[in-house]
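Scroll down for the structure; my scribbles are underneath it.
Number of protein chains: 2
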Amino acid sequence: MTYCLGILLPEGLVLASDSRSSAGFDSIAVVCKLATIAIPGDRLVVIQSAGNLATTQAVVRELKQALGSGNPKWDVALAPTMSAVAGIVGAKMRDVVLMNEKFVKPYGDPTASFLVGGQITGEPPRLLKVYSAGNFVEASPRTCFLQIGEAKYGKPILDRALEPSSTLAEAEKLALLSFDATIRSNLSVGAPIDILRYRTDSLTADPVITLEDTDPYWLELRLRYAEGLNALVTSLPEPNYHGA
Amino acid sequence: MTYCLGILLPEGLVLASDSRSSAGFDSIAVVCKLATIAIPGDRLVVIQSAGNLATTQAVVRELKQALGSGNPKWDVALAPTMSAVAGIVGAKMRDVVLMNEKFVKPYGDPTASFLVGGQITGEPPRLLKVYSAGNFVEASPRTCFLQIGEAKYGKPILDRALEPSSTLAEAEKLALLSFDATIRSNLSVGAPIDILRYRTDSLTADPVITLEDTDPYWLELRLRYAEGLNALVTSLPEPNYHGA
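So the sequence lines, in the order shown, correspond to chains B and U. Per this note's numbering, the first sequence starts with residue 98, numbered consecutively. Per this note's numbering, the second sequence starts with residue 98, numbered consecutively.
This is the structure we're talking about:
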């Protein structure tokens, strides 16, 4: 299983992915589900992946190979907009799935889904979600986060606390709490977490941060959140409607 | 969609169900998904339902009709144990589904799932979950809550704060927070919430409490939790690993 989260705010983007790959409980590996295509000063494109690992790796690999090819159908460096990039990712996945599905289906689902985030000169930062059908939707101030993979456990904290006016630092803290909730409730989502923070109009990638389970900041965040939440619940009044 | 939750503790049981039935966004009704079969002094059996409403209503209706029939195959009053009751619920669902599935399948899934909780003289209180296949699993101190329906959004708060040693009042407060999280994240789960609290060895049912959205206690609980959670998140340190 996988959990990837993208948050779009006026200040920029927070993109986070877990890194556990499992084809069963005894076949667990650590993989990278967050790929970047950066042309500093012109564009930063980040592709986060969930679903069939052979499919997602093929899509990312082939798009990286097509960089600079000059072929507008596949060259992300030539895409005029982020939605064009999402279209390329969806089209590439359709190709990969079509070529493989009759062999793969006996073993499982060959499809995948993606978050495509970043900025291209002339546009604001954008964040899109490519469905396993290859079509896509876009985040907006009204829907400022998108998720793929094991999305439900980590959604309530975002629904409660993330605002379109949140800062990047606030959003990143909430992203980590969202991952904490997911990891607690689903063993097949696991650390390390890859996090990329992008500042609007910087048109360059900050380094991807890889947070291990043992990272002191993340340990402290999880501990203080757990303690604070339990103290909060304890402080709330008990049901009074049963009568004496 | 539906969300039903059962919690098994030494003090007894907390059983809660939402009451929204929807076959699409324009066909929404309020139904009861929590049925009781009570023989005071001998047994209390509570059946919570999720899934196809025609199926769940047929199962509950036919088991209520069979009460006192003296037929050990279907008479819940004769079941020697709660696991035998779960077996009866599963067998009745299989019968109902078998009879209907070829007509229902073109329109949707004919199956259902159930939580079966309560106590029969000679046993401690028990809580079981009947899958849509008709087989079942049981709660224990290690797994002290079971869910059916839209289970994921409301699971993190229980994973964090519910303990096998929690009191019934604490568990009921957490159950309501679990419903709050679910209702916020899934429009098709909705109030009122039916709640039944059962005290170990009472062998009698307290009245089912029906909590409307406007109930002053629940309003206060949700408001104070939301405020407290936002204050907690604000108080936590921001990521410090990006450098200056």
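Built from N, CA and C at the ideal position, the CB exists for glycine as well. Since the structure is predicted, the reported quantities are computational estimates derived from the model, not experimental observations.
Can you grab the Cα-Cα spacing for the pair residue 284 (chain U) / residue 273 (chain U), in whole Å? Rounded to whole angstroms, residue 284 (chain U) and residue 273 (chain U) show a C-alpha spacing of 16 Å.
Buried versus exposed call for residue 200 (chain U) [16 or more other C-beta atoms within 10 Å across all chains shown]: exposed
Which residue marks the beginning of the alpha helix (DSSP H) containing residue 275 (chain U), and which one marks its end? For residue 275 (chain U), the enclosing alpha helix (DSSP H) starts and ends at 265-282.
Is the CB-CB distance between residue 148 (chain B) and residue 208 (chain B) below 9 Å? yes
At a CB-CB cut-off below 8 Å, which residues of chain U make contact with residue 343 (chain B)? An answer regarding residue 343 (chain B) cannot be provided, because it is not within the stretch 98 to 341 covered by chain B.
Closer than 9 Å by beta-carbon distance: list the chain U residues that pair up with residue 170 (chain B), in chain order. Residues of chain U passing the Cβ test: none, with the nearest at roughly 37 Å.
Among B:242, B:253, B:259 and B:184, nearest to residue 229 (chain B) - alpha-carbon criterion: B:184
Applying a beta-carbon distance threshold of less than 8 Å, which residues of chain B neighbour residue 325 (chain U)? 329, 332 and 333
Under 8 Å between beta-carbons, which chain U residues line up against residue 232 (chain B)? List them in chain order, please. Chain-ordered listing is empty here: chain U has no CB closer than 8 Å to the CB of residue 232 (chain B), the nearest sitting near 22 Å.
Are the C-beta atoms of residue 282 (chain B) and some chain U residue less than 9 Å apart? yes
Tell me whether residue 116 (chain B) sits in a helix, a strand or coil according to DSSP, three-state version. coil
Residue span of the beta strand (DSSP E) that contains residue 295 (chain U), given as start and end: 290-296
Closer than 9 Å at the beta carbon, the chain U residues around residue 310 (chain B): Here the premise fails: no neighbours, minimum Cβ distance about 14 Å.
With a threshold of 16 other CB atoms inside 10 Å of the CB of residue 196 (chain B), please say whether the residue is buried or exposed. exposed
Measure from the C-beta of residue 100 (chain U) to each C-beta in chain B and report whether the shortest distance is under 9 Å. no
Would a check of beta-carbon distances place residue 204 (chain U) closer than 9 Å to chain B? no
Please confirm whether residue 291 (chain U) has its beta-carbon closer than 9 Å to some beta-carbon of chain B. no
Using a cut-off of 9 Å between C-beta atoms, extract the partners of residue 270 (chain U) located in chain B. Those are 330, 333, 334, 335 and 336, listed as they occur along chain B.
For the candidate residues B:138, B:106, B:146 and B:169, whose alpha-carbon lies nearest to that of residue 291 (chain B)? B:146
Work out the CA separation of residue 210 (chain B) and residue 227 (chain B) for me, nearest whole Å. Straight-line Cα distance between these residues: approximately 6 Å.
Please confirm whether residue 187 (chain U) and residue 175 (chain U) have their CB atoms less than 9 Å apart. No, they are not a contact pair.
DSSP three-state assignment for residue 153 (chain U), whether helix, strand or coil: helix
Does the beta carbon of residue 226 (chain U) come closer than 9 Å to any beta carbon on chain B? no
Between residue 294 (chain B) and residue 269 (chain B), what straight-line distance do the alpha-carbon atoms span, to the nearest angstrom? 8 Å
Which of helix, strand or coil does DSSP assign to residue 338 (chain U)? In this structure, residue 338 (chain U) counts as coil in the three-state DSSP scheme.
Is it the case that the Cβ atoms of residue 300 (chain B) and residue 139 (chain B) are separated by a distance below 9 Å? yes
Residue 260 (chain U) - DSSP class collapsed to helix/strand/coil: coil
Report the option in B:244, B:329 and B:129 whose CA atom is closest to the CA atom of residue 332 (chain U). Comparing Cα positions, the closest option is B:329.
Sequence-distant residues of the same chain with beta carbon closer than 7 Å to residue 155 (chain U), five excluded per side: 193
Endpoints, the beta strand (DSSP E) within which residue 307 (chain U) is located: 306-308
Inspect the beta-carbon positions of residue 177 (chain B) and residue 297 (chain B) and report whether they are closer than 9 Å. no
Just checking: is the beta-carbon of residue 254 (chain B) within a distance shorter than 9 Å of some beta-carbon in chain U? yes
Mind pulling the chain B residues with CB within less than 9 Å of residue 317 (chain U)? Ordered by position in chain B, the residues that pass the 9 Å Cβ test against residue 317 (chain U) are 333 and 334.
Starting from the Cα of residue 309 (chain U), find the closest Cα among U:163, U:127 and U:213 and give me that residue. U:127
Residue 204 (chain U), buried or exposed, once every other Cβ within 10 Å from all chains shown has been counted against 16: exposed
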